[in-house]
Structures are given as structure tokens and as C-alpha cells.
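S.K.: Numbering (the working numbering), first residue to last: 295 to 449.
Note that beta-carbon positions come from the ideal geometry of N, C-alpha and C, so glycine has one too.
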Amino acid sequence: MKKTKKHYGLFVLLALVLIFSSCRKNNNSITEEEFLTVKVDGIEITLTSAVITVPASKDYYTMIAVGDNEMIQFHSLGELKVGTITNVRDTTIYMYSVDSKSWISDGILLDGSFTVTKITDNYAEGTFHFKGLYNLDSSYKVLTDGKFKAAIKPL
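Structural data, given as C-alpha cells:
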């Protein structure tokens, strides 16, 4: 159990580093082709900025979609490829954030999946769903019918 918490902590730390490093402004502007739509507790939202970052090693990837005050993230160890990834302990994290609250599905107790249906040199498309927990008040958010088209950017 202690080893699992250590791995989880390291994975969360890595995810946070990736978040902040991928949010830097650069000359690769997002076009209007990128999008993410999802129902959060039954209410549909649309985020117009969606990017998947992949390092040269291609051994993990991160998708971040940002709106006015909302953000959805998916982090996975492994290569970005067509197929479905369900929550797997210590290898995937799903996160939905509004303002300063984040509901997280860590692959241990909560349901979730991320499916890539198409990949080109510049984009990935797919679907997702997950249930996230906000630890401070034990509340849940259920995200369903998620669809995305995200630009692929090297780190």
C-alpha cells in the first residue's frame, strides 16, 4: 500500500509538471478545429482549446482542454495510439477542474475510459468518460459523452 501511494504521488507530481510546462505560450496557436465537449453531471460544456503533448520518447502523453474557468486533463503512461484505455492503477489520471477545485479519477476506485479513434500527424480524436472525486468534501462529478479533437504537440 505504501509503495502504491509513493507511485501515485510521483505520477501526480509528474502530471503537475507536465501541466505547467505545456501551458507555456508559444507560436503554435490553436486553431478552431480543436474542441472538447462533455456532459458534467448532465450539463453539456464545450472547451475550445485542446492539446495533446507527447515527449520525444513517446512513453507518455497528456491531453489538456481549457475553457474560461474549466479544465479537463488526461495523463497516461504509454504510447498515444488508437484504442481504449480504461483506468489502470498508477498509469492513468483523469481530472476535471473548475476554479480551484479538481475532481480526480486515479484508476484505483473510480470508473473511466479514454478512447482514441483517429490519429493523424497533427490531431487525435476520440471519446471519454469518467467519475472524479474531490477529496476535500468527498463530492463527485460524473463526466459522460465526452468527445475531443486535440492538436498533437511535441514537448
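Here's the rule: buried if 16 or more other CB atoms are within 10 angstroms of the residue's CB, otherwise exposed. What is LYS412?
M.R.: By 1-based counting over the sequence shown, the position of residue 412 is 118. Result: exposed.
S.K.: Check each candidate in LEU404, ASN429, LYS443, THR340 and name the one with the smallest Cα separation from ILE387.
M.R.: Translated into the one-based positions of the sequence shown, residue 387 becomes position 93. Measuring from the Cα of ILE387, the nearest candidate turns out to be LEU404.
S.K.: Less than 8 angstroms separating the beta-carbons of PHE408 and ILE446?
M.R.: In the sequence shown, residue 408 corresponds to position 114, counting from 1. In the sequence shown, residue 446 corresponds to position 152, counting from 1. No, Cβ-Cβ distance for PHE408 and ILE446 is not below 8 angstroms.
S.K.: Measure the beta-carbon distance from VAL348 to LEU449 and round it to whole angstroms, keeping in mind my assumption that it falls under 8 angstroms.
M.R.: Counting from one through the sequence shown, the residue named residue 348 turns up at place 54. Counting from one through the sequence shown, the residue named residue 449 turns up at place 155. Confirmed, about 7 angstroms.
S.K.: Name the residue from THR331, ASN416, SER399, GLU328 whose alpha carbon lies nearest to the alpha carbon of ASN429.
M.R.: For the purposes of this step, residue 429 is taken as the residue at position 135 of the sequence shown. Ranking THR331, ASN416, SER399, GLU328 by Cα distance to ASN429 puts SER399 first.
S.K.: Tell me whether SER370 is buried or exposed, calling it buried when 16 or more other Cβ atoms sit within 10 Å of its Cβ.
M.R.: Taking the sequence shown and counting its residues from 1, one reaches residue 370 at position 76. With 16 or more other Cβ atoms within 10 Å, it is buried.
S.K.: Report the CB separation of SER343 from GLU328 in whole angstroms; it is logged as a contact under 8 angstroms.
M.R.: On the sequence shown, position 49 is the one that residue 343 refers to. On the sequence shown, position 34 is the one that residue 328 refers to. Sure, about 6 angstroms apart at Cβ, within 8 angstroms.
S.K.: Rounding to the nearest angstrom, what Cα-Cα distance links SER432 and THR331 in this structure?
M.R.: One-based indexing of the sequence shown puts residue 432 at position 138. One-based indexing of the sequence shown puts residue 331 at position 37. The alpha-carbon atoms of SER432 and THR331 are separated by roughly 25 angstroms.
S.K.: How big is the Cα-Cα spacing for GLY336 and MET389?
M.R.: Taking the first residue of the sequence shown as position 1, residue 336 is located at position 42. Taking the first residue of the sequence shown as position 1, residue 389 is located at position 95. When rounded, the distance between both Cα atoms is 17 angstroms.
S.K.: Please check the pair MET365 and SER391, which I expect to be a contact at CB under 8 angstroms, by giving their CB distance rounded to whole angstroms.
M.R.: On the sequence shown, position 71 is the one that residue 365 refers to. On the sequence shown, position 97 is the one that residue 391 refers to. MET365 to SER391, Cβ: 5 angstroms. Contact.
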